[in-house]
Each structure stands twice: as structure tokens, then as C-alpha cells.
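**Q**
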Amino acid sequence: MKILVINTGSSSIKFELFEMNNKSCLSKGTIERLGDAASSISYKINKTGEPIKNKLEIPIADHTEGLKKIVEILTDPENGVIKDTSEVDAVGHRVVHGGETYSGARLITDDVMAKVKELIPLAPLHNPANIQGIEVAEQFFPEAAQVAVFDTAFHQTMPAKSYRYPLPNELYEKEKIRAYGFHGSSHSYVSKQMLEALEKPVAETAIITIHLGNGCSMAAVKGGKCIDTSMGLSPLGGLMMGTRTGDIDPSIPFFLASKMGLDLQEIDKILNKQSGLKGITGSNDMRDVMELRANGDENAILAIDMYVQRIKKFIGAYAAEMGALDSIVFTAGIGENSDELRSLICDNMSFLGIELDESKNATRSDGNRPVHTENSKVGVWVIPTNEELEIAIQSEKVIKQEVAQDA
Ligand code: AMP
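Under the numbering used here, the first residue of the sequence shown carries the number 43, and numbering increases by one thereafter.
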């Protein structure tokens with residue numbers, strides 16, 4: 043079975059085509075700056091022998107043209123990996139918000155589309171682009187099943203005490219204001235990998251997954267189910283991130299409005315785009331920030347202290363909530379690649395049973411790996427995330443269930 047995964051943003055499309063028999067990637071790529079004169083598509087084709095890598099700087103007007111280009115690359119008579127689009131059994135779409143309705147992936151029907159549209163107010167930047175991706179994919183892959191895999195679904199197992207805010211009841215009941223959590227495909231993927239490595243019944247496990255990329259979030263996963271997560275109604279809450287604040291005193295926006303006369307759009311821009319690492323150091327890229335810090339830049343030193351402290355707080359909170367801790371898992375760009383940050387986060391945590399082996403931690407390798415000492419009571423693991431593969435796996439599951447139901 044071949045599954046194409048599509049992750050559509052307002053000005054970007056990421057794609058990856060999987061052969062599900064051996065879970066291998068046949069081709070993957072990204073279109074950036076859709077609609078801009080400087081748009082480009084970079085892609086990789088994994089054929090026997092050397093993979094082909096290419097970047098084309100060509101104008102791509104919109105999502106329709108973007109997907110057309112992707113189809114051309116995949117079906118190219120010389121270098122393509124499929125003869126025609128009918129070889130693709132399903133298209134798995136990343137859909138950011140599934141609200142309270144979806145705790146798992148769904149075959150896309152008119153009802154599902156209507157619900158995803160209804161949820162636009164909760165994800166005004168993401169769901170419209172995801173909808174566009176689905177509509178265009180239906181045109182180009184008319185024979186394939188279209189599946190929606192929701193970023194929020196993994197966190198739907200949270201109990202009310204985790205997802206409710208102490209706001210008036212009607213704001214939850216009428217407006218569905220609650221914590222949803224995001225990065226669900228990543229937390230789901232790495233927690234399943236971690237559970238496979240733990241030699242104990244899933245029901246008895248307690249792990250913390252720490253996704254540190256441009257966006258950052260954590261999840262407490264007890265008995266294989268998410269019981270709490272750091273992002274909330276939107277991906278703005280929780281940890282300090284590249285450009286986002288994470289948790290701040292809720293009165294700050296009032297202060298920005300009343301004292302500085304800023305409007306909602308300006309406040310939104312500050313909290314979402316100008317804060318986090320960028321707000322403190324000027325750069326949202328962790329590599330730059332670490333370099334500044336190494337050169338003694340005081341803002342970078344402060345930013346990393348703040349960043350690390352917030353992660354430590356959530357580790358402590360989630361260990362207390364679960365009443366147990368088997369392992370913590372680092373993933374995504376920063377979590378997978380920065381041994382220095384892992385070391386800072388795990389520093390002085392032996393009282394919780396967390397002891398990092400500095401030499402294992404500093405040794406680079408590609409796969410899943412433990413980086414704790416032999417005596418550490420809590421495992422510390424680096425597990426590379428693979429959100430696209432998780433979307434493909436969940437899409438395959440949905441199709442197989444449908445086939446079983448029809449039989
Ligand atoms: P992601 O959103 O998962 O692609 O992660 C992006 C973040 O990972 C950026 O802040 C990068 O600076 C950071 N990153 C990638 N490689 C490294 C590294 N070797 N050390 C520190 N941060 C890194």
C-alpha cells in the first residue's frame with residue numbers, strides 16, 4: 043500500500059510518499075513561499091542507488107499548482123516513483139484542529155469536512171490551509187482514500203481536570219474553550235516507540251515526551267494515554283518557544299492594550315511572533331542562541347536559563363501528576379540535536395531519579411537511544427520524531443478498519 047502524506051500550510055506544502063509494506067519513504071519534499079515570486083520546491087527521491095535531491099526555484103502560484111508539481115515529480119517517467127496517481131491508495135492529511143469531536147484519524151467525508159470548517163475559529167491560521175490541501179488532493183488523487191489525522195487527537199484522553207480552565211462554565215459549554223494540545227502525531231509516535239522499549243505492561247508505564255522544535259510542547263503519558271499536555275486552547279501556551287511566549291500571566295494582554303494602546307492584532311503578533319527566544323535574544327533559531335550564549339551574550343544566557351527552567355517545571359509537575367516516572371523522551375530539532383540542552387535540562391534532577399550519562403548524551407547517532415547512566419532510575423531517551431510516518435500509519439489503520447467494516 044502506498045500512502046502520500048500532505049501537510050499544508052497557508053504558504054507551504056510538505057509531502058512524503060510511503061511504501062507501507064516496509065514503512066519506507068519513496069519521496070519527500072517541501073514547497074515554500076507559495077504565491078510568492080521566490081517560491082521553490084525541494085525534494086528527494088529514494089530510488090535504488092543514490093537518492094536524487096533537487097531544488098527548483100520556480101513560481102508556484104497556489105496549492106493547486108503546488109500539488110500539480112508534486113504529482114509531476116512523483117510520476118516523472120525517468121526519475122519518478124509511481125507510474126500514475128492511481129498507485130496512491132490514500133492521502134493522509136495533517137489537520138491541526140479536530141476539537142472535541144475527533145480522538146482519532148477519520149476518513150474524510152462531507153460531514154468531516156463540515157466539522158473541520160466549523161472548527162476554524164479555534165485554528166484560524168491552520169484549518170483553512172488544511173481544508174485547501176484536502177480539496178486539492180481530492181482533485182489530483184480522485185481514486186485515493188482521503189484521511190484526516192488531527193494534531194489534537196492524541197490529547198483527547200486528558201481528564202477534565204487537565205483540559206478545563208477555571209473560567210465560567212458557559213465558556214466551555216458554549217464556546218468549547220478548553221485545552222486541546224498540539225504536536226499530537228509527534229507525541230503519539232515517540233511515546234509508542236518508548237513504550238515498545240520499556241519492558242513492562244503498558245498499563246503500568248509513566249513517561250514524559252518533550253518535543254522541542256520551533257514550537258515546543260510536553261505531554262504526560264500514563265498507561266499509554268496522554269493525561270496532560272503543555273499547549274492549551276492554541277499552540278501559544280506552555281513552554282517558551284522560538285517566537286511564542288508559552289505560559290504568561292493572563293493579565294499581560296490587558297496591560298499591553300490599556301497602557302500601550304495596542305490592538306488585538308498587535309498583541310497577537312507580539313505573543314506569537316516576537317517573543318520566546320526571539321524576544322529575549324533577537325533570534326528564534328536555537329543554534330544561533332547557543333552560539334551567542336557560548337560567546338557570553340547575557341541575553342542568550344538568560345534566554346536559555348528561562349527555556350530550561352520552564353521544561354524542568356513541567357517535568358516536575360508531570361512526575362507529580364502521574365505519581366511515577368519511567369522515562370523522559372527528547373524529540374524534534376532541538377530535543378534530538380542539542381546534547382547541551384538535554385544536559386542542562388537533566389542537570390540536578392537526580393532527586394527525581396534522572397541521571398544523564400554525559401558521554402552517551404554527547405555521542406551522535408540517528409536512531410532511538412538511551413542516554414542515561416546505568417544507575418538512573420528514570421530512562422532518558424532521544425527518539426527522533428516522524429510525524430509524517432505517524433500520519434501514514436494512522437491513515438493505513440483507518441483504511442483497514444473501513445475495509446473490515448465493509449466486508
Ligand atoms: P524543528 O521545528 O523540529 O525543525 O526544530 C527547529 C529548531 O531545532 C531550531 O530552533 C533549530 O535551531 C534547532 N536545532 C536544529 N539542530 C540543532 C542543534 N544541533 N543544536 C541546537 N538546536 C538545533
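Think of the CB as a built atom: it goes at the ideal place given N, C-alpha and C, for glycine as much as any other residue. What you are looking at is a predicted structure, and each value in this text was computed from that prediction instead of being measured.
In whole angstroms, give me the CA-to-CA distance for ILE269 and GLY288.
**A** Their Cα atoms are separated by approximately 19 Å.
**Q** I'd like to confirm something about ARG136: is its beta-carbon nearer than 6 Å to some heavy atom of the ligand AMP, or not?
**A** No; taking the cut-off as 6 Å, the Cβ of ARG136 has no heavy atom of the ligand AMP nearer than that.
**Q** Taking only heavy atoms of the ligand AMP into account, decide whether any of them is closer than 6 Å to the Cβ of ARG329.
**A** Indeed, a heavy atom of the ligand AMP lies less than 6 Å from the Cβ.
**Q** I'd like the list of long-range same chain contacts for LYS95, defined as Cβ closer than 6 Å, with 5 residues on each side in sequence excluded.
**A** Excluding positions up to five away in sequence, the list reads LYS86.
**Q** Given 8 Å as the limit, is there contact between the stretch 349–357 and the stretch 405–418, that is, 3 or more CB pairs closer than that?
**A** No, the stretch 349–357 does not touch the stretch 405–418.
**Q** Sorted by chain position, which residues of the same chain lie with C-beta nearer than 8 Å to LYS267's C-beta, five sequence neighbours on each side aside?
**A** THR199, listed in sequence order.
**Q** Tell me, please, whether the stretch 287–301 touches the stretch 235–247 by the rule of three or more beta-carbon pairs shorter than 8 Å.
**A** Touching, no, given that fewer than three Cβ pairs across the two stretches are closer than 8 Å.
**Q** Counting only runs that start and end within the stretch 101–161, where is the beta strand (DSSP E) found for 3 or more residues in a row?
**A** Fully enclosed beta strand (DSSP E) runs of 3 or longer: 132–137.
**Q** Report the rounded CA-to-CA distance for ILE83 versus LYS70, giving the unit in angstroms.
**A** For ILE83 and LYS70, the distance between alpha carbons rounds to 11 Å.
**Q** Looking at the structure shown, is VAL371 part of a helix, part of a strand, or coil, going by DSSP?
**A** Correct three-state label for VAL371: strand.
**Q** For SER227, which residues in the same chain have their Cβ closer than 6 Å to its Cβ, ignoring the five residues on either side in sequence?
**A** Counting only Cβ-Cβ distances below 6 Å, and skipping sequence neighbours, we find GLU429, GLU432 and ILE433.
**Q** Would you call GLN447 buried or exposed, if buried means 16 or more other Cβ atoms sit within 10 Å of its Cβ?
**A** Exposed is the call here.
**Q** Check GLU61 in the structure and name its three-state DSSP category.
**A** In this structure, GLU61 counts as strand in the three-state DSSP scheme.
**Q** Does the ligand AMP have a heavy atom nearer than 6 Å to the CB of ILE376?
**A** Yes; taking the cut-off as 6 Å, the Cβ of ILE376 has a heavy atom of the ligand AMP nearer than that.
**Q** Could you round the C-beta distance between THR415 and GLU397 to whole angstroms and report it? I think they count as a contact, below 8 Å.
**A** Contact holds; Cβ gap of about 4 Å.
**Q** Within its chain, find whatever has a CB closer than 6 Å to the CB of ASN283; leave out the 5 residues flanking it on each side and keep chain order.
**A** For the record, residue 283 in the displayed sequence is Met; it is not Asn. So the list reads GLY257, CYS258 and GLY318, once near-sequence residues are dropped.
**Q** Use the C-beta contact count for MET302: other C-beta atoms within 10 angstroms, 16 or more gives buried, fewer gives exposed.
**A** MET302 is exposed by the Cβ-count criterion.
**Q** At a cut of 8 Å, does the stretch 216–225 reach the stretch 271–279 through at least three beta carbon pairs?
**A** The stretch 216–225, when compared against the stretch 271–279, does touch it at the 8 Å Cβ threshold.
**Q** Closest by CA to GLU382, which one among SER53, LYS97, LEU281 and LYS402?
**A** Minimum Cα distance to GLU382 is reached at LYS402.
**Q** VAL178 and GLY134 - do their beta-carbons sit closer together than 7 Å?
**A** Not in contact: GLY134 and VAL178 (Cβ atoms no closer than 7 Å).
**Q** How is the beta strand (DSSP E) around GLY226 delimited, first residue to last?
**A** Unbroken run through GLY226 is the alpha helix (DSSP H), 226–239; no beta strand (DSSP E).
**Q** Does DSSP put ARG329 in a helix, in a strand, or in coil?
**A** Of the three classes helix, strand and coil, the one that applies to ARG329 here is helix, per DSSP.
**Q** Taking all protein chains shown into account, do 16 or more other C-beta atoms lie within 10 angstroms of the C-beta of ILE290, making it buried, or fewer, making it exposed?
**A** Result: exposed.
**Q** Looking at the structure shown, is LYS419 part of a helix, part of a strand, or coil, going by DSSP?
**A** Residue state, collapsed to three classes: coil.
**Q** Give the secondary structure of GLY358 by DSSP, where H, G and I count as helix, E and B as strand, and everything else as coil.
**A** DSSP places GLY358 in helix when its eight states are reduced to three.
**Q** Relative to the C-alpha of ILE21, which residue among PRO412, LEU254 and GLY141 is closest?
**A** Here the chain has residues from 43 to 449 only, and residue 21 is not among them.
**Q** What span of residues does the alpha helix (DSSP H) with LEU298 cover, start to end?
**A** Residues 294–300.
**Q** Between GLY51 and the ligand AMP, is there a pair consisting of the residue's CB and a ligand heavy atom that are separated by less than 6 Å?
**A** No, the beta carbon of GLY51 sits no closer than 6 Å to any heavy atom of the ligand AMP.
**Q** Hey, is GLY226 close to the ligand AMP, as in C-beta under 6 Å from one of its heavy atoms?
**A** No, the beta carbon of GLY226 sits no closer than 6 Å to any heavy atom of the ligand AMP.
**Q** My understanding is that VAL138 touches HIS105, with C-beta atoms under 8 Å, so please give their C-beta distance in whole angstroms.
**A** The Cβ separation is near 16 Å, so there is no contact.
**Q** Jot down the residue ranges of each uninterrupted alpha helix (DSSP H) in the stretch 254–309, minimum 4 residues, whole runs only, in chain order.
**A** 294–300, all fully within the stretch 254–309.
**Q** Taking the beta strand (DSSP E) that ASN49 belongs to, which residues open and close that run?
**A** 44–50 is the span of the beta strand (DSSP E), which, as asked, contains ASN49.
**Q** Rank LYS264, TYR207, LYS242 and ILE252 by C-alpha distance to the C-alpha of MET364 and give the top, closest one.
**A** Comparing Cα-Cα distances from MET364 to each of LYS264, TYR207, LYS242 and ILE252, the minimum goes to LYS264.
**Q** Is ASN172 a contact residue of the ligand AMP, with contact defined as CB to any heavy atom under 6 Å?
**A** Answer for ASN172: no, Cβ out of range of the ligand AMP.
**Q** Using only CA atoms, which one of GLU92, ILE176 and ALA79 lies nearest to GLY51?
**A** Ranking GLU92, ILE176 and ALA79 by Cα distance to GLY51 puts ILE176 first.
**Q** Could you check if SER385 belongs to the surroundings of the ligand AMP, using beta carbon to heavy atom distance under 6 Å?
**A** Every heavy atom of the ligand AMP is 6 Å or more from the Cβ of SER385, so no.
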